[in-house]
Amino acid sequence: MGAKRGPEGLQPGACEAGVAATRWRAEARLEVLTPFVLGEWGNLEAGVRICVVDGQGGGIGSAIVKRLRESLGNGAEIIALGTNAIATAAMLKAGANKGATGENAVVRTVARADAVVGSIGIIMAHAMMGELTPAMAEAVAACPALKILIPMTQERVQVVGVSTQPLPHMIEEMVAILRKEVTG
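Quick note on numbering: numbering that gives the first Met the number 0 labels position 59 of the sequence shown as 58, and the sequence is numbered without any gaps.
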């Protein structure tokens, strides 16, 4: 005969072990959210979580991921969030640590991010030819993370006071802003 089990089918003490394991995971998560510290060589020592949101072919997102990885090193956790699998795959290929696709992935993940980056369309419902849902736009706009957005004109939105620059220059400026926020 096997070990004696309680009414829920668990061995005695299993519930307490589960609670202890959950408490340990919660405490470990708090350690990940410590302030960002740059090491001697400029790599992030603490686990800053940066979400890159993109859609369609993932070209802008993959350019952002590549430049973030070059600038911040391997200490930053870069998460690719695509509105479709092609965009997610492109960002993963560019160097993102992990990726997820779809509305629920975006909504759940940006809520736990330290920074969210992408084009200005990620805060506009129905942007990217309808790929960005209202729930995605609301989640990004409402999340407590720092948001650094590139003012693309593809969504027929003009931001007054912003000069038009080539995409690589805007990505460089995005990375500079993020580094300044990270280093204080």
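For each residue, glycine too, the CB sits at the ideal point set by N, CA and C.
Given the structure is predicted, the values throughout are model-derived calculations rather than measurements.
- By a beta-carbon distance limit of 8 angstroms, V52 does not contact I119. Their separation comes to about 11 angstroms.
- Contact between the region 86-94 and the region 45-65 is established, with three or more Cβ pairs separated by less than 8 angstroms.
- L148 and L166 have their C-alpha atoms some 12 angstroms from each other.
- V174 is a Cβ neighbour of L67, given a cutoff of 8 angstroms.
- Approximately 15 angstroms separates the beta-carbon atoms of M135 and V116; this is outside 8 angstroms, ruling out the contact.
- Between G57 and I78, the gap from beta carbon to beta carbon reaches 8 angstroms or more.
- For the set G54, I49, T87 and C142, the Cα lying nearest the Cα of A126 is the one of G54.
- The DSSP assignment places complete beta strand (DSSP E) segments of no fewer than 3 residues inside the region 70-149 at 76-81, 97-100, 114-118 and 145-149, in order along the chain.
- The alpha-carbon separation between V161 and P150 amounts to approximately 8 angstroms.
- It is roughly 26 angstroms from the alpha-carbon of Q153 to the alpha-carbon of R107.
- Under the three-state reduction of DSSP output, R155 falls in the coil class, being neither helix nor strand.
- The Cβ neighbour count for V158, taken over all protein chains shown within 10 Å, is under 16; the residue is labelled exposed.
- Between the alpha carbons of E137 and A124 lies a gap of roughly 8 angstroms.
- The DSSP-derived three-state label of V47 is coil.
- In its chain, beyond the 5 residues on either side, V109, A112, D113, A114 and V115 have a beta carbon closer than 7 angstroms to the beta carbon of A144.
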